[in-house]
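A quick write-up on the structure given underneath.
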Amino acid sequence: MLERLFSLGYSKTFAERYYQLWGERAIRIAEAMEKPLPRCFRVNTLRTEIPKLTKLLNKKGFQFKRVPWAKEGFCLTREPFSITSTPEYLSGLLYIQEASSMYPPVALEPKPGEVVADMAAAPGGKTSYMAQLMKNRGIIYAFDVGEDRLKEMRLNLSRLGVTNVVVFHKSSLYMGELGIEFDKILLDAPCTGSGTIHKNPERKSNRTLDDIKFCQNLQMKMIKVALENLKKGGVLVYSTCSLEPEENEFVIQWAIDNFDVELLPLRYGEPALIKPFGVELNEEISKARRFYPDKHNTSGFFVAKIRKIE
Numbered sequence: 328m329l330e331r332l333f334s335l336g337y338s339k340t341f342a343e344r345y346y347q348l349w350g351e352r353a354i355r356i357a358e359a360m361e362k363p364l365p366r367c368f369r370v371n372t373l374r375t376e377i378p379k380l381t382k383l384l385n386k387k388g389f390q391f392k393r394v395p396w397a398k399e400g401f402c403l404t405r406e407p408f409s410i411t412s413t414p415e416y417l418s419g420l421l422y423i424q425e426a427s428s429m430y431p432p433v434a435l436e437p438k439p440g441e442v443v444a445d446m447a448a449a450p451g452g453k454t455s456y457m458a459q460l461m462k463n464r465g466i467i468y469a470f471d472v473g474e475d476r477l478k479e480m481r482l483n484l485s486r487l488g489v490t491n492v493v494v495f496h497k498s499s500l501y502m503g504e505l506g507i508e509f510d511k512i513l514l515d516a517p518c519t520g521s522g523t524i525h526k527n528p529e530r531k532s533n534r535t536l537d538d539i540k541f542c543q544n545l546q547m548k549m550i551k552v553a554l555e556n557l558k559k560g561g562v563l564v565y566s567t568c569s570l571e572p573e574e575n576e577f578v579i580q581w582a583i584d585n586f587d588v589e590l591l592p593l594r595y596g597e598p599a600l601i602k603p604f605g606v607e608l609n610e611e612i613s614k615a616r617r618f619y620p621d622k623h624n625t626s627g628f629f630v631a632k633i634r635k636i637e
């Protein structure tokens, strides 16, 4: 059993961890991550309508199926040539986005007129989806520290016709300096990325438990800042593309223990783990959701929806 994980290139530490978490299923999860994910896209309703664009693409020979949790989202089943070379892509009628990463904006449900923060925004996939859900009305404060990724983000927002985003080249840990109380906050947190092995195979062997600890500390700092700057009754959606419970369930347990918050139920994905490594967590944590490559044909992904109690 562990031999199979070793043969796929996983370090002893992570092979053993995954076997402890999922037993036999760990092999199915690891094998699913060896395959490329389907290429998915989101129709940009700021520039076009869903039926109009899908009809145009069908005429060119593209075939796709709907992403269950995102009505604007589709995954390609036939791509006669690269969709990124179509005039529809180049003119911003669609955006290439992995299916699981469409879920956090949908879960957050930002509304036109609201004041929203995106705490780790570049290259702008989730930011632009939120702008689309808000119909470009209201305002999104988008923070990131990566200069190149921010350049890419500005180009993306411009191509997609997004006009309600203010971009900050700064860590969102300092967002309190703005003195704004946000209606909603998206924190797609920096993480070890262990759910994205299909894109980053080196992560099977070069990550350590110290990396997880480092990310967990940063994630807790970011959640603390988010909750300090969120209105009472406001909603925070926390997500990662990590498989590690320390970056997911344990972070949410910490938030429940330290702040006046409650978890809101989410419809899609599998319930989060409530006994990872035999540690008993608050039952409420099962309201958070996990996406798995073997079942959902996505990255390994985690999403939790948290409300600040009034």
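Mapping to my numbering: the sequence shown position 63 is 390, numbers consecutive.
From the three backbone atoms N, C-alpha and C, an ideal C-beta is built for every residue, glycine too.
Since the structure is predicted, the reported quantities are computational estimates derived from the model, not experimental observations.
Cβ-Cβ distance between residue i and residue j below 7 Å
i	j	result
residue 369	residue 419	no
residue 521	residue 576	no
residue 500	residue 552	yes
residue 556	residue 509	yes
residue 430	residue 630	yes
residue 543	residue 504	no
residue 371	residue 421	yes
residue 481	residue 450	no
Nearest-angstrom Cα separation, counted from residue j out to residue i
i	j	result
residue 554	residue 512	9 Å
residue 464	residue 458	8 Å
residue 569	residue 357	13 Å
residue 437	residue 461	6 Å
residue 441	residue 343	45 Å
residue 620	residue 390	22 Å
residue 502	residue 443	12 Å
residue 526	residue 590	31 Å
residue 601	residue 614	10 Å
residue 627	residue 610	22 Å
residue 378	residue 623	25 Å
residue 353	residue 516	24 Å
residue 334	residue 471	37 Å
Paired residues, beta bridge with residue i - DSSP
i	result
residue 625	DSSP, once it has assigned bridges, lists no residue as partnering residue 625.
residue 424	Beta-bridge pairing links residue 424 to no other residue.
residue 374	Paired residues: none, contrary to the question.
residue 379	Residue 379 is not bridged to any residue.
residue 496	471
residue 466	442
residue 616	598 and 630
Burial state of residue i (16 or more Cβ within 10 Å)
i	result
residue 439	exposed
residue 328	exposed
residue 350	exposed
residue 625	buried
residue 432	buried
residue 617	buried
residue 497	exposed
residue 506	exposed
residue 491	buried
residue 494	buried
From the options, residue whose alpha carbon lies closest to that of residue i
i	options	result
residue 549	341, 621, 561 and 566	566
residue 348	615, 604 and 621	604
residue 338	534, 379 and 451	534
residue 524	335, 364, 360 and 340	360
residue 593	574, 633, 602 and 581	633
residue 636	447, 435, 451 and 587	587
residue 454	564, 507 and 583	564
residue 410	474, 387, 396 and 582	387
residue 374	341, 416 and 355	416
residue 398	456, 519 and 473	456
Below-7 Å beta-carbon distance, residue i vs any chain B residue
i	result
residue 626	Protein chains in the displayed structure number just one, and chain B is not present.
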